[in-house]
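Number of protein chains: 4
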Amino acid sequence: MIIVIKNEKKNELEKLIKWIKNQGLDIHMSEGANATIVGLIGDTSKIDIDLISSLDIVESVKRISEPYKKVNRKFHPADTVISAGGREIGGGRFCFIAGPCSVENEEQIVGIALAVKKSGAHFLRGGAFKPRTSPYAFQGMGADGIELLKKAKKKSGLGIVTEIMNINHLDLFSDVDIIQVGARNMQNFDLLKELGQSKKPILLKRGLSGTIEEWLMSAEYVMSKGNENVILCERGIRTFEHYTRNTLDLSAIPLVKELTHLPVIVDPSHASGLSRLVRPMSLAATAAGSDGLIIEVHNDPPRALCDGAQSIRPEQFDELVKKIKDILPIVDKRL
Amino acid sequence: MIIVIKNEKKNELEKLIKWIKNQGLDIHMSEGANATIVGLIGDTSKIDIDLISSLDIVESVKRISEPYKKVNRKFHPADTVISAGGREIGGGRFCFIAGPCSVENEEQIVGIALAVKKSGAHFLRGGAFKPRTSPYAFQGMGADGIELLKKAKKKSGLGIVTEIMNINHLDLFSDVDIIQVGARNMQNFDLLKELGQSKKPILLKRGLSGTIEEWLMSAEYVMSKGNENVILCERGIRTFEHYTRNTLDLSAIPLVKELTHLPVIVDPSHASGLSRLVRPMSLAATAAGSDGLIIEVHNDPPRALCDGAQSIRPEQFDELVKKIKDILPIVDKRL
Amino acid sequence: MIIVIKNEKKNELEKLIKWIKNQGLDIHMSEGANATIVGLIGDTSKIDIDLISSLDIVESVKRISEPYKKVNRKFHPADTVISAGGREIGGGRFCFIAGPCSVENEEQIVGIALAVKKSGAHFLRGGAFKPRTSPYAFQGMGADGIELLKKAKKKSGLGIVTEIMNINHLDLFSDVDIIQVGARNMQNFDLLKELGQSKKPILLKRGLSGTIEEWLMSAEYVMSKGNENVILCERGIRTFEHYTRNTLDLSAIPLVKELTHLPVIVDPSHASGLSRLVRPMSLAATAAGSDGLIIEVHNDPPRALCDGAQSIRPEQFDELVKKIKDILPIVDKRL
Amino acid sequence: MIIVIKNEKKNELEKLIKWIKNQGLDIHMSEGANATIVGLIGDTSKIDIDLISSLDIVESVKRISEPYKKVNRKFHPADTVISAGGREIGGGRFCFIAGPCSVENEEQIVGIALAVKKSGAHFLRGGAFKPRTSPYAFQGMGADGIELLKKAKKKSGLGIVTEIMNINHLDLFSDVDIIQVGARNMQNFDLLKELGQSKKPILLKRGLSGTIEEWLMSAEYVMSKGNENVILCERGIRTFEHYTRNTLDLSAIPLVKELTHLPVIVDPSHASGLSRLVRPMSLAATAAGSDGLIIEVHNDPPRALCDGAQSIRPEQFDELVKKIKDILPIVDKRL
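Residue numbers (the working numbering), protein chains in the order written: chain H, -17 to 317; chain S, -17 to 317; chain B, -17 to 317; chain A, -17 to 317.
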């Protein structure tokens, strides 16, 4: 970490230096014509950069080393491969997660599971607990929804992926293969810590205004508690453009794969909120180097209870899988 | 709600109309040269606008009535006045909440409480549970911090305000006067529902990327469960400008006061992250019509364990209170 | 256009209705329990939606028909194919535009032209007039730069693409094949009007904070003056994420292709500002349906006078072209 | 400037060092465990930080000294006071600029001029050339509009402020007291250079996505050509929040006043696009330390040809001026 000190405040520097040394760090000073530069030597991951930068004597601060460790590819150069539901994720393998926004009833979830399995999906997704902007909107089937997912798993052989919203629901997820943390909970730190004590693979979605660094720090929360099975998921960020619900940030894919060894997948359905963008954005995500896709598929979009029509139909999913299989060898990925 | 249907898809309209009627709504149709317009009559608050707008046959959708009810000034024209710690908030009265970022020890928190009380503060703030981007940063004193706040309350007579992060901690907050929900938890819906069953005043911060409508919907979550004591708090939104940590959106103050009857206060400390901006932004917030301020005050900023230097010192707070008292009559507010 | 009138202001509606009729429009009224809705019938493209929405009696406004006409695919369903430098752009054909950020000298520009031609480029790009944030930075070779581009065109047979910044420079561009309007000039309306009187193909970059609608309206400026040869270029928008210089909005590609018949290409070099992202983002843009790519290629990046290192080297460009050729048939495009 | 070099690329450092030295700069190296840090000594204002940061061997770059010079308060500590139309702007004096969005006819502009003069305005604003998103919208009266402004100036004694959009129109502005550069032209560098050769005061609006640093660099463009009379104007930035047209960034006021000696004023009318926000935002801007306000005032908002209803009426302006006069002494400003 490099701290630039305002020249006119140089005489107040002593207090800061003492504080830094109390944190167990060493210091390297360099005085210039316009500014004095203080380099911090040692493990600065505990140092709050916002604290430092808000000091009156500080012109600005810059991290040299990333604040994340277990997530960092520098300390773990090889790709992490995660096993879930009898399938490997990451390390050059591409996975398909597909299913409806919400679990609605047995016929629906089993029907979709069998259909997407046939097209080549590896996991079934489906919401049992639903984060909804309005308290008056359908909040999901809850525990019953998870039971139905388990039935669908049994009948289709697909692993299941579903979202957790409440720290006290963890017991309900014992047969779930991948636990999803939604975008709104990316910085629900108590939930992340709790999931860090589980061994279940965690699918961590990027928050609507989550920077890449914050997203990786949230993964670090899970890993720092002992759970190394984190899959990152880009799902669109909030920008000034309102034609799409969010702006899918595909450049995050190659960037995050540089910074971390964890697998990264893309959710093209929630990013745009428009079903007709699912296909082009799925192809683009694959070409950008994604390790997989999580796609909403519904057998009857207009009747779905939520987000229905950002879903594609099973036959559209089938076609899409074929197109993606054509792209995979071009980007050195395999199923 | 008005739904604009693509003209070339008019023949697929029937299914949608059936679905709308199943939701207990009536319909008013109007066919134009370029589009067919479907007006929904009845309570549309349960209708997911994103679902409708993602349908292939839909050109676009527009809400006519707001999706919030209990929060809505239309149905509750008079200002809500909230009682907390023996003090009224809202309805023309201006309140000061002041204190350190984190509770550190008894001497610190009692010392600051007495100092800000003397300057005119009505409530003491202080973090016991701290949401930190890094798992390696100080996470707050927890339950012990709340005990120290209670000691400071006893000695100073100030009401206390502190943040909850975990649904299972609610019991610890029984002597807290106002429970704060932080920006990162604005859409932690399970936490909001739980707080809705309490009777404690809730200070609901706007999320970093929370739209005004989403923020009000989160207040609706609390109110819909029976707790009508919600205070809104603007604390800066995330934008492209990185010179300040966030961009304080002061135009939200008059807007939100139009839309809702709930009190709205401003946090100028977290918005910018720069202590030297606390004074001008506090004056500006007051002039914009805020019902109060929540300000970080610390007796020794550089030694503070977190956010320390976005804090001002007690003597700066004292001066600031005087300036604000001069502005209050100009904007028809009183202490 | 639909205008929702506040119910309590209904009695002030007459003045607005008179004003609307003075604009040559008809009106369709519909009174509801919470609001009165005024539908405008006729050509509303001259109506300023911001004017209407800022009226005190207006709750909100919504356009039904797009404010652009010549750009609109509704009135021109077939893809526009643009001829430039002996090459067709759009209509299923994919084009490569490649070259250095700035023209530096004859050897450089001719060298790069021959190299990218060999790899399969159709056009040579190179900046003669450079928009630079700092007045102290190199501003380009100006007219001399255009002369060197013409030499490179002669030697390589490639069409040339270069940026105009000043309305008075148009004469210098008579031998340029495609005139580029940079992101910062997307709403330089006097420049757009002037270019509308030319017949030259215009490459119109999206502004850093340009919405899709504003971008299309800027194309409408050019087309409304008589020049129908507009190529749109997505190059990244400004968001809160600062890890990349801008966030490439690839979902804009399929969306814009729905809304307009004009060709749309992508600039992956300026979007991220990182040369190592050029390849994955080029592949992703192609998979998303782009009609071409404009890529910075430099034979000696570290010595380049500007943006040098967001450039890739000719041998990297050569490899990239091969990969893209593999993707084209999957998305029904051809060279 | 500090450049952090990736450790694994240290051996490629020589080329960069040579290039830096060719720019006339000296170097200070410091090798750490994780990175090598290169400090640049000398005038780095010509160095393109984006170029450096895009190099493969570079981990990150940080400026120590600001890239602007003439604008910089460090080199010019005293407030700049600008004389225009017989009135001083800046240096503790507060000014009011008021008038309609567009000049419409003599009666209108003279009527408003006399009204706002009576309430205490120092300058009359009014658009003759109007930047409009749509080519079909009213583009202003042009040269005739400027003639009418001159008549209003003669009758009221107010200085006049109006926007330039075209480099070739400068001659028409010889009797204008302050030339406005609109938000969309903040980075129209050729226009800025031309205005730098004039001696007229320039009112430089912040662009919709202009960072504070870019805004100051645009002022530097004008000043570097010899014109030191630049007034900055905050008018709202583009964010995800769409309830207001833009988000007024009032924290920019104290920040910009720290960084530069130039006066800074606020435009509350364009920021929100809602006339009912003009009053609270004007008071807030004044309390935040603004050197003045530019406010849209119209005698008949609903009939105005553009932006009409973000305007307030003369009697509302009159009341607002009184309120602001009450705030001025609290923030150490005078008329």
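Built from N, CA and C at the ideal position, the CB exists for glycine as well.
- Around residue 305(S), the same chain offers 265 as residues with beta carbons nearer than 7 Å, after the five sequence neighbours per side are excluded.
- Taking CB atoms only, residue 225(B) has a neighbour in chain H less than 8 Å away.
- If you draw a straight line from the Cα of residue 49(B) to the Cα of residue 75(H), it comes to about 46 Å.
- When the Cα atoms are used, residue 167(S) and residue 307(A) turn out to be separated by approximately 41 Å.
- Per DSSP, reduced to three states, the secondary structure at residue 162(A) is strand.
- 8 Å or more divides the Cβ of residue 232(B) from the Cβ of residue 201(B).
- With 16 or more other CB atoms across the displayed protein chains lying within 10 angstroms of its CB, residue 188(H) is buried.
- Following the DSSP letters along the chain, one finds residue -12(S) inside the beta strand (DSSP E) bounded by residues -16 to -12.
- Residue contact check for residue 233(B) against chain H: a CB pair falls below 8 Å.
- Within chain S, the residues 196, 199 have their CB atoms less than 7 Å from the CB of residue 115(H), given in chain order.
- The C-beta distance from residue 154(S) to residue 125(S) rounds to 5 Å, short enough to fall under 8 Å.
- At a cut-off of 8 Å, the C-beta of residue 219(B) has a neighbouring C-beta in chain H.
- The DSSP assignment places 234 to 241 as complete runs of the alpha helix (DSSP H) inside the region 213 to 243 of chain S, in order along the chain (cut-off: 4 residues).
- For residue 128(A), the enclosing alpha helix (DSSP H) begins and ends at 125 to 138.
- In this structure, the CA atom of residue 128(H) is about 13 Å from the CA atom of residue 147(H).
- Between the alpha carbons of residue 181(A) and residue 185(S) lies a gap of roughly 53 Å.
- Below the 7 Å Cβ cutoff, chain B contributes 259, 262 as neighbours of residue 236(H), in chain order.
- Using a CB distance cut-off of 8 Å, residue 222(S) counts as an interface residue toward chain B.
- Residues of chain S whose Cβ lies closer than 7 Å to the Cβ of residue 248(B) do not exist; the shortest such Cβ separation is about 21 Å.
- The beta carbon of residue 221(B) lies closer than 8 Å to those of 228, 229 in the same chain, with the five residues before and after it left out.
- Interface criterion not met: the Cβ of residue 251(H) is under 8 Å from no Cβ in chain A.
- Between the beta-carbon of residue 251(S) and that of residue 260(S) there is about 6 Å, and that keeps the pair under the 8 Å contact cut.
- Contact check for residue 299(H) and residue 80(H): beta-carbon distance about 6 Å, within the 8 Å limit, so the pair qualifies.
- The beta carbons of residue 105(A) and residue 141(A) sit closer together than 8 Å.
- For residue 157(S), the number of other beta carbons within 10 angstroms of its own is below 16, and it is reported as exposed.
- Within the same chain, -14, -13, -11, -8, -5, 11, 12 come within 8 Å of residue 18(H) by CB-CB distance, once the 5 residues on both sides are set aside.
- Taking residue 235(S) as the centre and dropping the five residues before and after it, the same chain places the C-beta of 216, 246, 248, 267, 270, 271, 272 closer than 8 Å to its C-beta, in chain order.
- Chain order gives no chain H residues near residue 297(S), where near means a beta carbon separation below 8 Å; the closest approach is about 15 Å.
- Taking a Cβ-Cβ threshold of 9 Å, the residues of chain A close to residue -16(H) are -16, -14, 19, 44, in chain order.
- In terms of beta-carbon proximity, residue 144(H) stays away from the interface with chain B, with every pair separated by 8 Å or more.
- Assignment of residue 76(H) by DSSP, reduced to helix, strand and coil, places it in the coil class.
- The DSSP-derived three-state label of residue 275(A) is strand.
- Distance from the CA atom of residue 77(H) to the CA atom of residue 6(B), rounded to whole angstroms, is 57 Å.
- Put simply, of 162(S), 98(S), 27(S) the residue whose alpha carbon is nearest the alpha carbon of residue 135(S) is 98(S).
- Taking 8 Å as the cut-off, the Cβ atoms of residue 204(A) and residue 244(A) do not count as close.
- Of all alpha-carbon atoms in 302(S), 280(S), 296(S), 241(S), the one lying nearest the alpha-carbon of residue 263(S) is that of 302(S).
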